[in-house]
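A.B. asks:
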Amino acid sequence: MPSPRPAEVGDLKVETTQLQFSTQGFCDVVDLTDKVDRALADSGMMHGVVTLFVPGATAGLTTLEYEPGCVQDLKEAFERLAPKDGPYAHNQRWGDGNGFSHIRAALLGPSFQVPFAGGKLLLGTWQHLVLVDFDNRSRQREVVLQFLGR
4 MPSPRPAEVG DLKVETTQLQ FSTQGFCDVV DLTDKVDRAL ADSGMMHGVV
54 TLFVPGATAG LTTLEYEPGC VQDLKEAFER LAPKDGPYAH NQRWGDGNGF
104 SHIRAALLGP SFQVPFAGGK LLLGTWQHLV LVDFDNRSRQ REVVLQFLGR
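Mapping of the sequence shown onto the numbering used here: residues 4 to 153, in sequence order.
Pasting the structure below:
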């Protein structure tokens, strides 16, 4: 895939890049923060907003205090909301056993935005950017980053 080139929108720059991750599935939580920080630095932008988006119907994105207790709490919350062994029409139709992963991903959502200023993401002290892979198998995941700014 050729390296994306920045596009100009008025006096704003738009730059799109992708991050690649190997995940384990089953509510695997991956910290994206350092890689998004590096992509921001590479963009050369100082002020603006970054949109994070995960293609696919069995993963989602959010922010979280990335520490073992909070990660475990998130996993347990999703198990209560959409249990792995629940009855899902998707499983009956397709037989792939990942109906729970689609529901969990829909509840979390595939994208969000984070502002940045002074070349830094404007995150809270303990706030990290995370990908959650809900599928019932290991996957190669992509997260699309689109920076808009100066």
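For each residue, glycine too, the CB sits at the ideal point set by N, CA and C.
CB leucine 67 to CB histidine 131, shorter than 9 Å?
C.D. replies: Yes, the Cβ-Cβ distance between leucine 67 and histidine 131 is below 9 Å.
A.B. asks: Quick check: the Cα distance between valine 53 and leucine 15, rounded to an integer number of angstroms?
C.D. replies: When rounded, the distance between both Cα atoms is 13 Å.
A.B. asks: Just to confirm the assignment, what range does the alpha helix (DSSP H) spanning valine 39 have?
C.D. replies: Per DSSP, valine 39 belongs to the alpha helix (DSSP H) from 36 to 46.
A.B. asks: Which ranges does the beta strand (DSSP E) cover as unbroken runs of at least 3 residues, wholly within the stretch 66 to 103, from first to last along the chain?
C.D. replies: Runs of the beta strand (DSSP E) inside the stretch 66 to 103: none found.
A.B. asks: What is the DSSP secondary structure of alanine 120, counted as helix, strand or coil?
C.D. replies: Residue state, collapsed to three classes: strand.
A.B. asks: Taking the CB atoms as reference points, tell me whether leucine 148 and threonine 20 lie closer together than 9 Å.
C.D. replies: In this structure, threonine 20 lies closer than 9 Å to leucine 148 by Cβ.
A.B. asks: Report buried or exposed for leucine 111, applying the criterion of at least 16 other Cβ atoms within 10 angstroms of its Cβ.
C.D. replies: By the neighbour-count rule (16 or more Cβ atoms within 10 Å), leucine 111 is buried.
A.B. asks: Taking the straight line between their C-alpha atoms, what separation do you get for glycine 98 and serine 25?
C.D. replies: Their Cα atoms are separated by approximately 24 Å.
A.B. asks: Going by beta carbon distance, what residues of the same chain come within less than 8 Å of proline 86, once the five residues before and after it are set aside?
C.D. replies: Excluding sequence neighbours, proline 86 sits near Phe103.
A.B. asks: Can you list, in chain order, the residues of its chain whose CB lies under 6 Å from that of aspartate 31, leaving out five sequence neighbours each side?
C.D. replies: Asp136, listed in sequence order.
A.B. asks: One question on the structure: do threonine 36 and leucine 125 come within less than 9 Å of each other, judged by their Cβ atoms?
C.D. replies: No, the pair does not count as a contact, with Cβ atoms beyond the cut-off.
A.B. asks: On the criterion of 16 or more Cβ atoms from any shown chain inside 10 Å, does glutamate 70 qualify as buried, or is it exposed?
C.D. replies: By the 10 Å Cβ count, glutamate 70 comes out exposed.
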